[in-house]
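Those letters in the sequence shown? Residues -34 to -1, 1 to 603, by mature numbering (1 follows the signal peptide of the UniProt record, and there is no 0). Every residue, glycine too, gets a C-beta built ideally from N, C-alpha and C. See below for the structure under consideration.
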Amino acid sequence: MPAGRPLPSAGQGTPGPCLLAALMGVTLWAAGQAATVPSGSTESFHEEALFKPLANGQVLVHFRFTTLKADPGQDAAGRHFRLFPRSMAELMAAHDLRELDLSLSRGVWREAAMGYHPRLWGSPPGARVQAWFEPESPPAPDHVVQADSVARRWDRLTNALSGQLCASLNFFDATSTLCPRFSFQPAGISPLDHPWENNASAHFQLGYLPRENVCTENLTPWKKLLPCQSKRGLASLLHAAPIHRTNHHSLGLSLRHVCPSGVAHCSHPLLELVQDVTLVFRPHQMPENARDDSASAWSIRSLFGIGLTSACPMAESSQLLFDVTDDLYHLQWPEGVPDRVYEADGRRVRAVHLDHLLERGSSNVIANYRQPVIYGLIPAPRLHAHRYVVGHGQAQGGIVTKITNRHSEPLAVVFLDVIPWYLRTYFHTLRIQTDQGMTIRPHRVDFSPARDRDRPYVLEVVLTLPPQSVSQISIDFEKSILKWLEYPPDANHGFYVSSALITAVLPDRRNFTHIGRYYSTYDQWLESFSITSSNASTAEPRSDRVVRIFTESLLINLPTPDFSMPYNVICLACTVVALAFGPLHNITTKDLRLDVGPEPEGIVQRVKAKVTGILGRSQPLSPPTPAETDPTLEERQ
């Protein structure tokens, strides 16, 4: 011990028996907890970016950030958070969520020119949220009570997501929420004995907000959920300016349970969080291509304004994927950078790790086209749809959806349409026919009528499309007159109707971009093709060929009152009051009296006054006496 310092006494520095027992208890508890946590990490993070040229000359860039961790409800290690955002895990626990998918989009994704959307669930214009909830424990005895419980949890969930992403998701109410029966099934895995395995629609909620805009306020909190946020890795490319200059962009977030090996069932599933960004650029409008109309060269720096800086140190993999199926361009990066080419779904994908590029001092990848690109007839996918409004005037109208089936065989589809309550839809006007006039008899029709200011019309149709045909689904409506407080601030802009949804299982994955249902990353999915290339049925299960097509959202004008009338009335009333106030004030406040004027003088008075005037002028003026000037002089004397 240092000199001069006294030895600790028994009462001061020596730990007592109670303190020793407490320390031993804490040590034993920590050892027990450490024994329950596996030595390896239970969390992983992967970041990927796919670059794909589209048939119409545009370039698709799809970012996918995947975070995996052990299920907090089944594994003790799942209660520790290193990479997975704790707020998302608490969100699932607080609202008894089984699955969640959210998208915020601007611009229309047109399948006829762009192929199918890279997101598994698609992305319609505006905001869309869908969620599956866990059943109550113990289960509710009444279906109505169960539905009320799901509705309450849905309301709390949308409010929580609104605060998490700074979006107006709290505007989801009964008029914008529905529960379809045939169009949606859970994308994640479920235990074989799960209570709602055969009745998942009873625990499902879907909401649309077609007016919701995507802005920087949504991007900032979205990036903060990433382990490296936007400081490192591929997320450093996501700046607001280049994103909002695109023709189409969408933010996505999904939560579900998956198996580590990409299979349908496992005993220890993982909790998966996928954050994705979908961007569509127009290279021929970039400054470097302005001099040549046929030039379409692009690079990472020209698309995003900056180059690659660094990989996220917390990511197990950081990959750039380039679709080189048609061999239209060659990629330019330093020699010696290792890459790999995958063959999947009849497409060729070239992959390179971000670390390998940065090690060679490269911060950019350039795509130079081998020859000028001339875009003529665009090969459309085998299934696509188009939607529009018919009719004129302020009383009636109709909605028409055209579905094109270019397959050589009949194709079964599920059509879902959601119509607001203020468009009074008549079910007897529903017509399903081909472009040649042949009527199509649907297999199943589920129509839910609306209630004013309470719920929308929901139409769900299961039908088979004839081969090589264009089918048309139309229904008529009558426009309602709303209360004046129910109109939005820009009432003359019109009212939005959410997109219709077509769900189908295609014979193959042609024009597909999204990965298989049970896979978490592009790398895992592409590796499965190299392993099972000899077994096509294993490489392409039926669930991987499900496509969801969202049509355009509609803008409909309702009978709108002249909201400028109050302003005009106020201006007119104020003018009238100002002009009438003065005279009315004078009349009501002044005392009116008759002024008779002076009496006329007679001739005698006029003569007398004239004589007096003459005599007065002839007399000399005498100075006034002191008495006259000072009336008090006499008193002083």
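query: On the three-state DSSP scale, how would you describe Asn523?; result: coil
query: Who are the near neighbours of residue 613 in its chain, counting only those whose CB is closer than 6 Å to its CB and skipping five residues on each side?; result: Examination of residue 613 is not possible in this model, given that the chain is present from -34 through 603 alone.
query: Judging by CA-CA distance, which residue of Ile365, Pro152, Arg476 is the nearest neighbour of Arg313?; result: Arg476
query: Can you give me the C-alpha to C-alpha distance between Asn501 and Phe478, rounded to a whole angstrom?; result: Since pLDDT at Asn501 reaches only 47, below the 50 mark, its modelled position is unreliable, and the value read off the structure follows with that caveat. Answer to the nearest angstrom: the Cα atoms are 19 Å apart.
query: Is Tyr308 near Val318, with beta carbons less than 7 Å apart?; result: no
query: Do Thr182 and Ala206 have their beta-carbon atoms positioned less than 7 Å apart in this structure?; result: yes
query: How many angstroms separate the CA atom of Ser440 from the CA atom of Asp37?; result: 46 Å
query: Does the pairing of the stretch 459 to 477 with the stretch 81 to 93 give three or more beta-carbon distances under 8 Å?; result: yes
query: Between which two residues does the alpha helix (DSSP H) containing Gly548 stretch?; result: 531 to 555
query: Could you check if Lys574 is buried or exposed, using at least 16 other CB atoms within 10 Å of its CB as the buried criterion?; result: exposed
query: How many angstroms separate the CA atom of Gln323 from the CA atom of Ala263?; result: Inspection of the sequence shows that residue 323 is occupied by Leu rather than by Gln. The straight-line gap from Cα to Cα measures roughly 20 Å.
query: Look at the alpha carbon of Thr275 and the alpha carbon of Ser329, and state the distance between them as a whole number of angstroms.; result: 6 Å
query: Could you pull out every unbroken alpha helix (DSSP H) segment of at least 4 residues lying fully inside the stretch 270 to 334, listed in chain order?; result: 320 to 325
query: Taking just the CA atoms, how far does Trp188 sit from His28?; result: 16 Å
query: Once you ignore the five residues that flank Ala60 on each side, which residues in its own chain have a CB closer than 6 Å to its CB?; result: none
query: Check this for me: beta carbons of Gly154 and Val224, under 7 Å apart or not?; result: yes
query: Provide the residue span of the beta strand (DSSP E) that contains Glu426, from first to last.; result: 423 to 431
query: What residues are listed by DSSP as bridge partners for Trp98?; result: Glu65, Phe170
query: Here's the rule: buried if 16 or more other CB atoms are within 10 angstroms of the residue's CB, otherwise exposed. What is Gln560?; result: Note on identity: in this sequence residue 560 is Leu, with Gln being the wrong assignment. Exposed.
query: Which residue from Gln195, Glu178, Thr370 puts its Cα closest to that of Thr186?; result: Gln195
query: In angstroms, rounded to a whole number, what distance separates the CA positions of Met58 and Arg64?; result: 7 Å
query: Can you tell me where the alpha helix (DSSP H) with Thr186 in it begins and where it stops?; result: 182 to 189
query: If you measure from the CB of Met404, is any heavy atom of the ligand COA nearer than 6 Å?; result: Judged by which ligands are present, the structure shown has none, so any question about the ligand COA falls away.
query: Below 6 Å CB to CB, which residues in the same chain sit around Phe270 once its five sequence neighbours on both sides are set aside?; result: Leu203, Pro208
query: Using beta-carbon positions only, say whether Phe381 and Val427 come within less than 7 Å of one another.; result: yes
query: Quick one: measure Cβ to Cβ for Pro433 and Glu375, integer angstroms, because I've assumed they're closer than 8 Å.; result: 5 Å
query: What distance in whole Å lies between the Cβ atoms of Thr212 and Val246, which are believed to be in contact at a cut-off of 8 Å?; result: 5 Å
query: Apply the 10 Å Cβ neighbour rule to Cys278 and answer buried if 16 or more other Cβ atoms are within range, or exposed otherwise.; result: buried
query: Could you tell me how far apart the beta carbons of Asp401 and Val436 are, in whole angstroms, since I believe they sit closer than 8 Å?; result: 4 Å
query: Between which two residues does the alpha helix (DSSP H) holding Arg52 run?; result: 52 to 60
query: Taking DSSP's pairing of strands, which residues face His12 in a bridge?; result: Thr32, Ser283
query: Determine the direct distance from the alpha carbon of Ala544 to that of Pro415, and round the result to whole angstroms.; result: 54 Å
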